[in-house]
Every structure is written in C-alpha cells, then in structure tokens.
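Q: Number 149 in numbering that gives the first Met the number 0 belongs to position 150 of the sequence shown; there are no gaps in the numbering. Each residue gets a CB set at the ideal place from its N, CA and C atoms; glycine is no exception.
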Amino acid sequence: MKAFVVREIDGQLVAEVGDTVAVPQEEGDVLVRVDYSSVNSKDAMVATAPSRVRRVSSLVGGVDASGTVEASRDEFFTEGVRVAVHGGSLGVGRDGGFASHVYAPARHLSLLPSSLSTYDAAVIGTAGFTAMASVLALEDRGLEVGAQVLVTGATGGVGSQAVTYLARKGYAPVASTGSPASSDWLLERGATRVIARDEISDRPERVLASERWDGAIDCVGGETLKEILRSLRYGAAVAASGLVASAELSTTIYPFITRAVALVGIDAVEASSVTRQRVWQALGELAPHVNFTTFVDRVIGLDELLQAFDDIRTSATQGRILVNVNDVTG
Ligand SMILES: NC(=O)c1ccc[n+]([C@@H]2O[C@H](COP(=O)([O-])OP(=O)(O)OC[C@H]3O[C@@H](n4cnc5c(N)ncnc54)[C@H](OP(=O)(O)O)[C@@H]3O)[C@@H](O)[C@H]2O)c1
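1) Let me check one thing: in DSSP terms, what residues is G17 bridge-paired to?
2) Please state whether DSSP places I256 in a helix, a strand or coil.
3) Whose C-alpha, out of G96, V150, S314, A259, is nearest the C-alpha of N323?
4) What number of angstroms, rounded off, separates the C-alpha of M0 from the C-alpha of L285?
5) Taking its Cβ as the centre, do 16 or more other Cβ atoms sit within 10 Å of G79, making it buried, or is it exposed?
6) Going straight from the alpha carbon of V84 to that of G318, what length do you get?
7) Taking the straight line between their C-alpha atoms, what separation do you get for G124 and A259?
8) Between the C-alpha atoms of A174 and S240, what's the straight-line distance to the nearest angstrom?
9) Using the Cα positions of V150 and R192, report the straight-line distance between them to the nearest angstrom.
10) Consider the C-beta atom of V193 and the heavy atoms of ligand 1; say whether any pair is separated by less than 6 angstroms.
11) State yes or no: is the C-beta of F3 within less than 7 angstroms of the C-beta of L304?
12) Tell me, please, whether the segment 95-113 touches the segment 241-254 by the rule of three or more beta-carbon pairs shorter than 8 angstroms.
13) With a cut-off of 8 angstroms on the beta carbons, I'd call L108 and V82 a contact; round off their distance for me.
14) Can you find a heavy atom of ligand 1 that lies under 6 angstroms from the Cβ of T330?
15) Does the distance between the C-beta of V157 and the nearest non-hydrogen atom of ligand 1 fall short of 6 angstroms?
16) Considering D34, what are the terminal residues of the beta strand (DSSP E) in which it resides?
17) Using a Cβ-based criterion (distance less than 6 angstroms to any ligand heavy atom), does T129 qualify as near ligand 1?
18) Mapping DSSP to helix, strand and coil, what is V157?
19) Whether or not the segment 206-226 and the segment 273-283 are in contact is what I'm after, with contact meaning three or more pairs of Cβ atoms, one per stretch, closer than 8 angstroms; do they touch?
20) Rounded to whole angstroms, what is the Cα-Cα separation between G17 and S56?
21) Over what stretch of residues does the beta strand (DSSP E) that includes A174 continue unbroken?
22) Would you report the Cα separation of T316 and A14, rounded to the nearest angstrom?
23) How far does the beta strand (DSSP E) with I320 in it extend, from its first residue to its last?
24) For S178, does the count of other Cβ atoms within 10 angstroms reach 16, so buried, or fall short, so exposed?
25) Find out if the Cβ-Cβ distance for the pair S40, I311 is shorter than 7 angstroms.
26) Under 6 angstroms: does the beta carbon of K41 sit that close to some heavy atom of ligand 1?
27) If you compare alpha carbons, which of A190, Y35, A180, T154 is closest to Y170?
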C-alpha cells in the first residue's frame, strides 16, 4: 500500500510517500480501512529530526484516522463498523493513519455515531475530540448556559472546534487569536467576540487580574495559561490541553486558594474507552447542528503533507487539513 513514511537516517529526515505493508503490532490489533486522516500539530512535530515526540526512527505518520473495520477478532469492533482511531502511540511510536490501512488496538478505536460520516470524523480528529473533551470537562464543573468561555488558539484545530461546540451548546465563546484577519471566520464559527492574544493580559501589577471568564479552553500554555488562571471568575475552570506557545507554566497559588479556580488537564492520547465513547457520543449529538465542511481548510493527498506541516507550524491554516489517504500520486 502507499503510505507517508517518516524516517530518520543519520540524523536526517526523510519523509515521503512510499510503498509499505500494514502489520499488526499487538495480539488482537484491529485492521481498519482508512478513508481519511487529518493533519495535527503533532504530525508536524513527528516529521522533524530530531523529534521530541517521535519514538521510533521509522514509521507511517498520522496520529488519527477514520474508516471501516476490515478484519477483527474484537467482539465490539466487528467487521464493517465505522470507527475513529486515535491515541496511544499511533503515528508517534507505531504506524499511523497516513495510509490506506492501519492496525490499532481496540482500546484506541471509537464507534462512530450514525450521525457522523467518516469525513466528519476526520474533520473532528484528535483536535475536535480534544475540543469536545474540554467542553465536557467544563460542564462537569458546572458550566451554566450563557457562560462566557475564553478559547485560545482559536483559529487552530482545537480552538476553532471548541468555539463552535460551545456556541451550539448555548455558551458564549470569546475567541482569542493572533490572526486578526480571521475574525469574521471565528464569528461565523459561533464566537460572540474576538479578541487579540495580548488582550488576555490584565492588571499585571496585581497578583490577580479582574474576574473575566466563566471558563476557558486553552491549547496555548505558557504565559497565556498563567493569565487565564489570574482572570477566571470565582470557582471557574480552565481545560488545558496544549503548549503551542510554551510547555512552561509559572503561576502563583492565589487563583487556586482565593478564587477556588481549577486547572483541568485534557488528554486525548490515553483517554479511556469510556471517555472516548462519551466524547464521540456528544459529538454525534451535536452533529445535526454543525456543518463540518466549514472547518476544512483543504483536503490534500499524501504527497502534499510536507507543505501542510509547514502551514501548521506557521499558523497559516484556518481550521483543519484533511488527508484523503487514497489520493496518492507520490
Ligand atoms: N492534550 C491532548 O491530548 C492534545 C490533543 C490535541 C492537541 N493537543 C495540543 O493542543 C495544541 C493545539 O493543537 P491544534 O491541533 O489545535 O494546533 P493548531 O491547529 O496548530 O492550532 C494552534 C493555534 O494556536 C495559536 N498559536 C500558534 N502559535 C502560538 C503562539 N506562539 N502563541 C499563542 N498562540 C499560538 C494559533 O491560533 P491563533 O492564530 O488563532 O492564535 C494556532 O492556530 C498543540 O499543542 C497540541 O499538541 C493536545
């Protein structure tokens, strides 16, 4: 089969479309015929040498995929069912979704609700799963209808979907972006307001900022996450999933002990089967109210992945890049 293969040879990166064979890695791995994969920021990080996320010197890239089970001995994920595949070491330590077929353990599969096509599932991808997991985490902490929720990195995969899912569920997302030209696009996604990245900062001379947000979804980290913690309302929470700006977090204890705020970690990689089904179920329930096509920056073939990685690295995308894995010219 054709696949997008990433190799590190003598410290040099070789990433190209080539011929390879899908092989199971664990007893019980399920074989999925892939319709679509998508480009996530982690995929771009895998395709570097050295890479701080890639765990093997050679693999098929792609941290997520959607398609149909083709061969399985699992009693739940039987042949013919439609699934989303993501997490574990898919695309970072074992062959991933940039190929026509992928093997994955059943625990990394999720059954697609009937309201979601495999195209929709790829638009959602790891980014949308993370966005919905973040929304559910805030709801678990009592988010109320109409609540004003800050979303950072709003034009990205996680951010743009978080904005829409919040809006469709009756909350008031405020989109923070470093891409002012995308304001209209974010308002169309459901943002009630668009603010610049630096507008999150407030009263730097004080330990705590004004109480501004009933909740927040952050995939940026670093100073941004610090500022969010300083400006959450009493009892509010931030769901933190990413580190596009920085993995460092320097803060004080005050937001936690004087405003009872919460920092809730979101992880899509090792999420349990129960969590996966809960999140996909929630996505399926919203599906009739979401036009997934509007999240799509473009649909590419395997041979266009290197350009897509560059665009992700430079934030030159709006929403999601889908990969039609059966479009192979390389
Ligand atoms: N925890 C998990 O399981 C999980 C799952 C998925 C993703 N993630 C992480 O979440 C993050 C976002 O993923 P993604 O797929 O949404 O990435 P993405 O599509 O590249 O979007 C990231 C967005 O962040 C903003 N941004 C970029 N560089 C920035 C900087 N230096 N400072 C502030 N903002 C910046 C940009 O939006 P604006 O131009 O609109 O500001 C960009 O579009 C990544 O760190 C990823 O690894 C984690």
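A: Per the coordinate set shown:
1) A2
2) helix
3) G96
4) 35 angstroms
5) exposed
6) 20 angstroms
7) 33 angstroms
8) 16 angstroms
9) 10 angstroms
10) no
11) yes
12) no
13) 5 angstroms
14) The structure shown does not extend to residue 330, since the chain is modelled only from 0 to 329, so the question has no answer here.
15) yes
16) 29-38
17) yes
18) helix
19) no
20) 16 angstroms
21) 171-176
22) 21 angstroms
23) 319-323
24) buried
25) yes
26) yes
27) A190
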